[in-house]
Amino acid sequence: MIAGTGSALPKRRVTNQDLEAIVDTTDEWIVERTGIRARYIAGEGETTSTLAAEAARNALAAAGIDPTQVGLIVLATATPDQTFPATATRVQEMLGTGDCIAFDVAAVCSGFLYAVSVADSMVRTGAADVALVIGAETFSRILDWEDRATCVLFGDGAGAIVLRAEENDGTSQPQGILGTKLHADGRHNELLYVDGGPSTTQTVGKLRMKGSEVFRHAVTNLAAVLHEALKGCDLTPADVDWVVPHQANQRILDATARKLGLPAEKVVTTVAEHANTSAASVPLALDKAVRDGRIKRGDLLVLEAMGGGFTWGAAVVRY
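Going by numbering that gives the first Met the number 0, 310 is the number at position 311 of the sequence shown; the sequence numbering is gapless.
Below you can see the structure in the form of structure tokens.
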């Protein structure tokens, strides 16, 4: 089951008006095309690992679980602190969990869904009783701040959940991760990628994106994988209480909801305030909706995301 959720944001909030001073754009242009009004940008001393550790602490506190009980940390990120070791091991040290399994997953914006699937499988096979699943990013550090088509879209942050093994007594509805569906298609690399890496340019590189093509694939793939995940659990969109999607663009969220026949009020949206935080966006949105009381115990959720690669996926969750 998901025993607790948590999130963390950098201290600095950057509005569209703030961006008008550094790049050729306007608040109206950004809002009309994306729905984004602000984002948070990491400052000095704020890294993927510090944000991840803060989100993890908040999730553990919500679950009432001590860090020493954690047996597994799976961290989804495309912006690690270092090429190696895994940023998850830095988080492990910050939390003081002691010896436990800790590694990173790289699937960009779908990373949290991939991490959830991996952690769920490992918990089910007995590798750990308590797992931290984290999505954390500092995307501001791989943006080209002269490219107005991309730099306005992204922000930094982290979100986390605590997964705890729990036997079902057979008399109540199963809780936790009911099913996941994951996909990847490497033929679309040139539509959304970073133009650098240790084995190619020996640089970190900058994000590059063909926005209209990504939009088209996102709407089609997200609607399809949501149906696929629900079907695998013998459920339909009518059974869903909340969709918690990757927060890339308000137009993608609206188009996906229409394609599924879901009312907008069933879709958790935080893109206006957080922008696209890649692997952090789903757990950030989940934590917000849990803490403001929208998502309640027993609710049926679908988490879904698509990112560079392309990768995409969905998870059906009974909270």
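By construction, the Cβ of each residue, glycine as well, lies at the ideal position given by its N, Cα and C atoms.
If you compare alpha carbons, which of the options is closest to residue i?
i      : options                        : result
GLU264 : TRP311, GLN16, ILE294          : ILE294
VAL115 : GLY134, ASP80, HIS182, ASP184  : GLY134
THR276 : LEU162, TRP144, LEU8           : LEU8
SER120 : PHE138, LYS230, MET0           : MET0
LEU142 : ALA314, VAL22, ALA313          : VAL22
THR14  : THR202, THR25, LYS258, THR4    : THR25
LEU190 : ARG147, ASP233, TYR318, MET305 : MET305
HIS226 : PHE83, THR268, GLY178, ALA247  : GLY178
GLU43  : GLY125, SER211, ARG123, SER139 : SER139
GLU31  : LYS180, CYS232, VAL151, GLY231 : VAL151
VAL266 : LEU299, GLY185, ALA279         : LEU299
When the Cα atoms are used, what is the spatial distance from residue i to residue j?
i      : j      : result
THR49  : VAL239 : 34 Å
VAL281 : SER198 : 30 Å
ALA2   : ILE176 : 12 Å
CYS108 : GLY307 : 7 Å
GLU145 : GLY196 : 20 Å
ALA60  : GLU27  : 40 Å
GLY292 : LEU285 : 11 Å
ILE40  : THR269 : 16 Å
GLN91  : TYR318 : 26 Å
VAL289 : ILE160 : 11 Å
THR200 : VAL193 : 11 Å
VAL224 : GLN68  : 34 Å
ARG257 : LYS209 : 23 Å
ILE64  : VAL132 : 14 Å
ALA18  : THR33  : First, the amino acid is wrong: residue 18 is Leu here, not Ala. Roughly 15 Å separates the two Cα atoms.
ILE35  : LYS287 : 17 Å
THR4   : ALA313 : 18 Å
PRO236 : ALA130 : 29 Å
ARG163 : ALA52  : 18 Å
ARG123 : ALA20  : 51 Å
Between which two residues does the alpha helix (DSSP H) harbouring residue i extend?
i      : result
PHE102 : Note, PHE102: premise wrong, no alpha helix (DSSP H); beta strand (DSSP E) at 100-104.
VAL115 : 110-123
SER48  : 47-62
VAL30  : 26-33
GLU43  : First-last for GLU43: undefined, no H or E at that position.
So residue i packs on residue j, CB below 8 Å; how close in whole Å?
i      : j      : result
HIS360 : ARG38  : Here the chain has residues from 0 to 318 only, and residue 360 is not among them.
PRO66  : LEU94  : 4 Å
ALA127 : ILE100 : 6 Å
GLN174 : GLU165 : 7 Å
VAL301 : VAL242 : 5 Å
THR310 : HIS216 : Their Cβ separation, rounded to whole angstroms, is 11 Å, which puts THR310 and HIS216 out of contact at 8 Å.
THR88  : PRO79  : Not quite, the Cβ-Cβ distance comes to about 10 Å (not below 8 Å), so this is no contact.
Quick one: give me the first and last residue of the beta strand (DSSP E) that residue i is part of.
i      : result
TYR39  : 37-40
ARG317 : 310-317
LEU18  : First-last for LEU18: 15-19, but that is the alpha helix (DSSP H), not the beta strand (DSSP E).
THR4   : 1-7
THR137 : 129-137
ALA306 : It should be noted that the sequence gives Gly, not Ala, for residue 306. Taken as a continuous stretch (DSSP letters only), the beta strand (DSSP E) holding GLY306 covers 299-306.
Taking only beta-carbon atoms, is residue i less than 8 Å away from chain B?
i      : result
ARG123 : The structure shown contains no chain B; it holds only a single protein chain.
Please specify which runs of the beta strand (DSSP E), each continuous and at least 3 residues long, are wholly inside the segment 240-286, giving them in chain order. 241-244
In chain order, what are the residue ranges of uninterrupted alpha helix (DSSP H) at least 4 long that sit wholly in the segment 179-253? 210-231
Curious, which full-length alpha helix (DSSP H) runs of at least 4 residues does the segment 71-98 contain? 86-94
Could you tell me which uninterrupted alpha helix (DSSP H) segments, each at least 4 residues in length, are contained entirely in the segment 143-179, listed from first to last along the chain? 147-150
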